[in-house]
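Notes for the one structure printed next.
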Amino acid sequence: MERPHTKEIDSNEVTGKRQLGSPSPRSSSHLEPVSTTTFQIFSGIFQHPFEIMSKDRLPPEGLPLRVPPTGEEAQITDRTFFLDASRRGLTRIPSEILALAELEEIHLEGNQIEEIPADIQRLKNVRVLYLNNNRVRSLCPELGRLSSLEGLDLSSNPLLPSSLGVLSWLRALRELRLYHTDLREVPVPLCKALHHLELFGLSGNHLESLPKEIVNQTKLREIYLKQNQFKVFPSELCALNNLEIIDLDENQLTALPDEVGHLRRLHKLYLAYNHLCSLPESLHLCGRMAVLDLSHNLLHSLPHNLEELVEMTEVGLSGNRLEKLPRQVCRWPALHLLYVHGAGLRSLRCSIRRLTNLCFLDLSQNHLDHLPAQLCSLRNLEILALDDNNLLQLPPELGLLSKLKILGLTGNEFVSFPEEVFSLMSLEKLYIGQDQGTKFTYLPEQVGKLQSLKELHIENNCLEYLPISLGSLPHLEVLDCRHNLLKQIPDSLCQAQDLKELLLEDNLLTEIPENLDQLENLQVLTLMDNPMEDPPQDVCARGIQSIWKYLKEKKAKKLTAIRIQSWWRGVMVIRGLGKFEDLVKGRKKGKSSPKDKKDKKAAAAAAAAEAAKKPGKGKPGKGNKK
């Protein structure tokens, strides 16, 4: 995950949020946090990262960002403090930039700059410089003369290790990022000279150890060593008493030293994707610990005394071999986020009710066949992932989760549709697709009770029809009915005016409602793999605009036919031929119209008169005998 910031720095650090462990294949794609004050909302997509944890504060604390002056301020001064020239295809640093002596923050990341010119020394006031994601190989000596520089990012450049010594002259440097620079060792001069360093970013390199001189970084608060080759926890870090954040995700660690307990100010510790079989009991001495990511290790249990870490707010235990939720977890009352997917859990402890501040709970990909009623005591829970378990039913008390906004039930063994979900009045997203597990043959009309629902994912079932009540959901934005047996779509769905995505591929549909184009906000409509006739398949294949055009033309033709019919009815009435309906009925029964009867009588009378005029014909008069 890339951290949100005025400028991207490196994906190893995130603003206030941190991906914790690995996502569940399906649940991760749909369950994202909903409160930005607690956790970062992911978008894009749903495939989204699922587990989120704080990792790096940006903008750097103590390094306020200047913004370009605007309006009246721009008229008062011509001095420029902030400049953004990122992703402009630059091959060099323009001389015009180097002439702006007042600059304090410069963004040049994402270009194709190959060298730093000697004139860089003219920027004597620059405090923050981003040169990451360029093609810089060598650092000029003049870079070391930027005596005011406090933040420097050189990540993702093919830097020559021999040129990094220049950085040791930047004595005011507080934040240095060297992510993905193919480092095999940390230059010792940096550790000896940069005594004010507070953040050191070294993720994505080939480091196996740290130099012993790293202990000189007594002010270091954050160190990022993710995706390196550490097999042993760097014991030198245990001497840095001011450390607050350590990231050693995706290394090859098998154990932690007992000395880790010396880090009394440690606030966040990331150890996901290593080979840890156990944790030292001394870890409980890190009394300020709030974030602990142990996802995807080989843990069977946690030390008993970890229950003393009462400030814990975010914990990742996914992908371990726990089988049971550790008791210690249920003794962390401040816990907000708990990730335990794919940990082999077969049941939950009743003491989980103590986690009254829990907002996010991921229990997906376990072996749970029932949920304790105590789970419904978590009144602050907003997101609950129960995907890919063996659940047969949900507890009747589910409605007590009055703040629940996202619920994942995909891939379970429900005997029938779990109607308990209809008591969740705050529910915004429901995932109940069944790519594995028991498939549903119906969706109850009670779904209309979920008036807050924004997304309904019910793919991979055996539905033949959808309830009419779907059209009464005022906030519905996404309806995913892919891979079902649907034969028709209810006309009422055309009333769901907030609908943006309607996913209907791989069903048995031959037509869609003719008024579906009334959904003005609809952006995605998928009809592939249906035996479509109206609209025809070639129209459906061309996309939503072609479908809308077809529906409009069809309605226009229908309207024209109605107008012609109305005109003809009017003509019948005006000519006094009777009501149109009577004419139609009479013709169907083979009867003549009033006009036809009148004409026949007139013709008969005329024929009789004509016959009377001819002699020798007609009836003889009185007295004439033959």
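Take the sequence shown: its letter number 566 is residue 569 in my numbering, and every next letter is one higher. Using N, Cα and C, we set each Cβ at its ideal position, and we do this for glycine too.
Take residue i and list the residues in its own chain whose beta-carbon comes closer than 8 Å to its own, dropping the five residues that flank it on each side.
i	result
G290	R267, E311, L312, E314
A104	R125, L126, K127, N128
R566	none
T359	P336, S380, L381, R382, N383
N245	T221, K222, L223, R224, R268
So, using beta-carbon positions, are residue i and residue j closer together than 7 Å?
i	j	result
I435	L412	yes
E225	C241	no
P190	L167	yes
H339	D365	no
K195	N219	yes
L213	E239	yes
R352	L328	yes
N136	G113	yes
M292	L269	yes
G402	S419	no
S304	G322	no
L404	C379	yes
K271	I248	yes
E416	G440	yes
L410	L394	no
Quick one: what does DSSP say residue i is sitting in, helix, strand or coil?
i	result
G661	No answer is possible for residue 661: it lies beyond the span of the chain, which begins at 4 and ends at 629.
G451	helix
F85	strand
A3	Given a span of 4 to 629 for the chain in the structure shown, any question on residue 3 remains unanswerable.
I565	helix
N415	coil
Y434	strand
K215	helix
F203	strand
F116	Correcting the residue identity first, residue 116 is Ile in this sequence and not Phe. Here I116 sits in coil by DSSP.
H460	strand
R138	coil
E284	helix
A559	helix
F236	coil
A337	coil
Y276	coil
F363	strand
V189	coil
V37	Its pLDDT being 31, under 50, V37 is placed unreliably in this model, and the coordinates cannot settle the point.
R485	coil
I492	coil
Comparing C-alpha positions only, which one of the options sits nearest to residue i?
i	options	result
S495	E400, L522, K503	L522
Q449	E462, L459, P470	P470
C484	A499, Y468, L476	Y468
F84	R130, L459, K560, L519	R130
K452	V424, D438, N464	V424
K229	L243, L274, S321	L274
L476	L186, L86, L459, L397	L459
L519	V542, N360, E508, I550	I550
M428	T441, N415, K442, K457	K457
R187	L176, E178, E201, L205	L205
L384	D87, R357, E108, S212	R357
Q368	I355, L502, C379, L348	L348
L528	T513, E517, Q548	Q548
R545	N360, S354, L530	L530
L511	D501, S380, N464	N464
T316	G322, P120, W335, L305	W335
S158	D296, Y182, S150	Y182
A337	I409, N208, F363	F363
A376	Q396, A102, D390, Q115	Q396
L473	E462, L466, P447, S150	P447
D296	P306, C333, L210, D250	D250
S89	C333, L134, E99, A102	L134
L243	N231, I217, L506	I217
D532	K552, L325, L507	L507
Counting only the same chain and skipping the five closest in sequence on each side, list residues whose C-beta sits under 6 Å from that of residue i.
i	result
N277	N254, L256, N300
N308	E284, H287
D87	H110
H265	C241
Y445	none
R330	none
Excluding the 5 residues flanking residue i on each side, which residues of the same chain have their C-beta closer than 7 Å to its C-beta?
i	result
L200	L176, R177, L179, Q220, K222, L223
N524	Q500, D501, L502, K503
G92	N114, Q115
Contact the segment 536–545 vs the segment 474–490: 3+ CB pairs below 8 Å: With the cut-off at 8 Å, the segment 536–545 and the segment 474–490 do not touch.
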